[in-house]
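Take a look at the structure:
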């Protein structure tokens, strides 16, 4: 095999070589040095507009200026931040590779509690879902007695909906028709009869893709007419990243940490009124159950939010991907759609509402399949056509992910052969998650300087941490957020990877981190134990230094000049 | 089940109801009518910024102004056009549904020759690929004697690369490491030893996603500093759609129809120099083999293009998704990477080149899996970090699509059990495609008023059609492009769905359509026969009308006043 070092360096053909000179001459380029031309060794770079010649980097093999540099990079891309896979996680990858290479650390593995990636943390796939997708992928298996009849029936139905009965065909841009119909039936059942029209269902590449598509539609205007989108703080950073990418105004409304991260309607109004001064608020994003905050919204709160959106004519984006992840006995998931319906026809026929769901969360945790759907209510029909047009440029969501979504919305029924195993697996996942939610909250709250709201739902704890002033100073000196310093030290001392609260947004002067509750109960107990030790050590370290430093100051002060 | 019509209409709680009044009062809203308040029946809409009240649509259930309308929609989204799934295809869907409902037409089925969707046209999946993906989806099958050992070995390797050994885990944003390594090895082998570094490989959600990501990085500036991107005309409309979405300048360079759609370097320079006046050209897109044009570029032409990109410091985006689809005996696929390498180190170490590939084309046609990769050469390392950050917001490409890509780059080897069947299937698909390419070109060229360049590669014919002036007039009167009228009539009279050339771009005054060569040889023969009949009828109809209309004019002129 050839290697770079074996490359015979060839110089570029001279501008007047037979290969190029004709071309350049015909195009009006000068191929002979003239008054405007400064000859330099090696290559010359033409600035064609002026038909003069600038000198390039010169010698063969030497680097020269690039077309795409940090200076020329899209400023919107530059502005994007996404902490869930940010610097801490990149550092965790480095440490992991070091460990694999045999480098000794005070820990033997990196535990990635940074991302809601259930299978990576050992959660087992739901058998029925994987059977259906495998049957769709390789329909020869439909002849195999090893697969249950209900899984085969699902797979046959999905394949009938695919061009050429193959998962390898593009689906319609909105997704496979019969899967969209199953989604609509599922929503109707979930919402106890509130009607759902499959023409309002769009399958997506995970929920992120749907959220991004809706935001794309919304963003327009300049100056004080620029689109603003209301997002919770703390938020899942997809929202802020998408708004940065689209150059829309982020309108932050703060969740009430003192009140279990509840959404306070007055705060919503404050944020809205203040934003109105300099932009055009057009949409309101809500994450329920909350990410990273884990709260489950009350029906009353949802009513207030919808009323507010109605009054202010805001499109509501309800991120409901954790709708199956509710753990507290005194909480219940209320869909925005159902609450809107119950508020009466004036609301139900007017408020523009888009609800998002995903295969990645719930009890399936199928993140890698990139499946999801959105239900779009009361959208202007012409705008819906524009949405379909926009989606069609990307052709279609991945069809295996659509098939996975189909299983979630059309699971085995009581009379079917796979029902018992399906329910057992589903309950087991959700029961263990509920157990881990309690465990996490309890242990975190047992640590002095950590305070964690109940993890009512979703997959995360977002505890508030006390960071001593000395540590804050050090972080400032190192140009990082104080909770970034905390998380970095946690990672480097224990191998535990969590995400600083600053990546999600938080009230000025408060510090948090987000950790998933996904590791196995045993591992999670160990993790929380190590975290507790670390936190105490951290407090001690920075208080000690402070004490030492103060006493040093005192000593210095007592010494004679 | 509840239905909309069963809904008890409830009016919205009055603004001074216990539910809301407190909230609104605290927020500074007036809940009692005052001087600024005009009371109207039904609902009032607050304009909170001014704390005055405007009247809403009034009565419960009545529609009122929406937040998201055609007027407020993103102008970039509005500007997007994507003919491959445009009006003709939407119309085809309508007709298809009518046929399903038993409505009689002069044809019994709609033949969708609009999109490169091989499986939908009956192409069978490659067994080995589907076996590997099914094994990854449902690893219990690894125990089954029905699967060959080489497929199991591939699946085990892929699963080892996945978190928790599950296809359901998020992969790294760039894709699964071992698959990226296989891609790099594949490229090195394809390019006869030219080195490929897997750190430069990014797995993508089809090629479209990769192309979009690179364009996102590139777009910046305002006025004459706005990023321009050079695209071929005719082009695959993803490019124009993406540039519209990103609000970048389209710099069109015309392929030379008289010369088998060759890329003419002088035309490239003309387009560049002219664009330089009003924008900042930053990148050059090439599709080779061509879509929709089917040409395969010569090595000399690629050298010239790369030299041009070098001179003008343009990032080269090489869309090489049809690299396995070359049919003409006198053509050969040359990768931009290999040609760049052979031009010498000065080029190879400087030109920023991104090459795209996909699972959707070639001999696999796995469109639904949305798999692909890009290889990124000479990109600024900091910009690469920004690319990874951008990709990470979408978390990862679909992992089943990554697994499908793995099979393409790591197919069965000669000594392996699946080799014989794999080669048989692969050759069969490619041989039949080559046969259909010739068939299409021959039949089209036998029709008076149609002229088709050789289909050297890819999956499409893009014939030039003569449209009589009378038809052009009618199209203008109906506010549509003449070839849109042609394609619409073709669809409505024969059920054949092709895409007007105007959706891809074409020289002013010329007309084309794009059709795929994907239907089975039998179906394709029938399709081309019907197309021929239609075309002759179309010519006759519009010449006759013209003749009739002329003779009517003559008669009228001859009548006494």
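Residue numbers (full-length UniProt numbering), protein chains in the order written: chain A, 1 to 561; chain B, 1 to 561. Note that the Cβ used here is the ideal one computed from N, Cα and C, for glycine as well.
Helix, strand or coil for residue i, going by three-state DSSP, please let me know.
| i | result |
| --- | --- |
| residue 27 of chain B | Model confidence at residue 27 of chain B stands at a pLDDT of 36, short of 50, so the residue's coordinates are unreliable and nothing is read from them. |
| residue 282 of chain B | strand |
| residue 308 of chain B | helix |
| residue 232 of chain A | strand |
| residue 215 of chain B | helix |
| residue 333 of chain B | coil |
| residue 379 of chain B | coil |
| residue 70 of chain B | coil |
| residue 356 of chain B | strand |
| residue 112 of chain A | strand |
| residue 641 of chain B | For residue 641 of chain B there is no data in the structure shown, the boundaries of chain B being 1 and 561. |
| residue 203 of chain B | strand |
| residue 351 of chain A | coil |
| residue 175 of chain A | coil |
| residue 373 of chain A | strand |
| residue 54 of chain A | With a pLDDT of 35 at residue 54 of chain A, under the threshold of 50, the modelled position of this residue cannot be trusted; read the value that follows with caution. Residue 54 of chain A falls in the strand class under three-state DSSP. |
| residue 287 of chain A | strand |
| residue 447 of chain A | coil |
| residue 542 of chain A | helix |
| residue 80 of chain B | coil |
Do residue j and residue i count as a contact pair if the criterion is CB distance below 9 Å?
| i | j | result |
| --- | --- | --- |
| residue 134 of chain A | residue 367 of chain B | no |
| residue 500 of chain A | residue 481 of chain A | yes |
| residue 68 of chain B | residue 380 of chain A | yes |
| residue 489 of chain A | residue 534 of chain A | yes |
| residue 356 of chain B | residue 321 of chain B | yes |
| residue 502 of chain B | residue 393 of chain A | no |
| residue 251 of chain A | residue 223 of chain A | no |
| residue 338 of chain B | residue 191 of chain B | yes |
| residue 217 of chain A | residue 248 of chain A | no |
| residue 433 of chain B | residue 327 of chain B | yes |
| residue 505 of chain A | residue 443 of chain A | no |
| residue 446 of chain A | residue 389 of chain A | no |
| residue 291 of chain A | residue 460 of chain A | yes |
| residue 354 of chain A | residue 164 of chain A | no |
| residue 440 of chain A | residue 429 of chain A | no |
| residue 186 of chain B | residue 396 of chain B | no |
| residue 409 of chain A | residue 162 of chain A | no |
| residue 491 of chain A | residue 474 of chain A | no |
| residue 283 of chain A | residue 315 of chain A | yes |
| residue 234 of chain B | residue 512 of chain B | yes |
Can you tell me whether residue i is buried or exposed? The criterion is at least 16 other CB atoms within 10 Å of its CB, across all chains shown.
| i | result |
| --- | --- |
| residue 277 of chain A | exposed |
| residue 40 of chain B | Caution applies to residue 40 of chain B, whose pLDDT of 37 falls short of 50 and renders its modelled position unreliable; the value that the coordinates give is listed next. Flag for residue 40 of chain B reads exposed. |
| residue 413 of chain B | exposed |
| residue 378 of chain B | buried |
| residue 259 of chain B | exposed |
| residue 407 of chain A | buried |
| residue 70 of chain A | exposed |
| residue 154 of chain A | buried |
| residue 90 of chain A | exposed |
If you follow the beta strand (DSSP E) that residue i is part of, which residue opens it and which one closes it?
| i | result |
| --- | --- |
| residue 336 of chain B | Looking at the DSSP string, residue 336 of chain B is not in any beta strand (DSSP E); the run it does join, the alpha helix (DSSP H), is 336-342. |
| residue 197 of chain A | Per DSSP, residue 197 of chain A belongs to no beta strand (DSSP E) and is neither H nor E. |
Need the endpoints of the alpha helix (DSSP H) that residue i sits in, please.
| i | result |
| --- | --- |
| residue 119 of chain B | Per DSSP, residue 119 of chain B belongs to no alpha helix (DSSP H) and is neither H nor E. |
| residue 94 of chain A | 87-100 |
| residue 316 of chain A | Run containing residue 316 of chain A: none in the alpha helix (DSSP H); it sits in the beta strand (DSSP E), 315-319. |
| residue 407 of chain A | 399-409 |
| residue 292 of chain B | No alpha helix (DSSP H) holds residue 292 of chain B; DSSP gives it neither H nor E. |
| residue 412 of chain A | Counting along the chain, residue 412 of chain A falls outside any alpha helix (DSSP H), and DSSP gives it neither H nor E. |
Of all the beta strand (DSSP E) runs that stay within the bounds of the stretch 452-523 of chain A, which reach a length of 3 or more residues?
List check, beta strand (DSSP E) in window: 513-516.
What are the start and end residues of each continuous alpha helix (DSSP H) run of 4 or more residues lying completely inside the stretch 223-274 of chain B, in chain order?
Complete alpha helix (DSSP H) runs here, min 4: 238-246.
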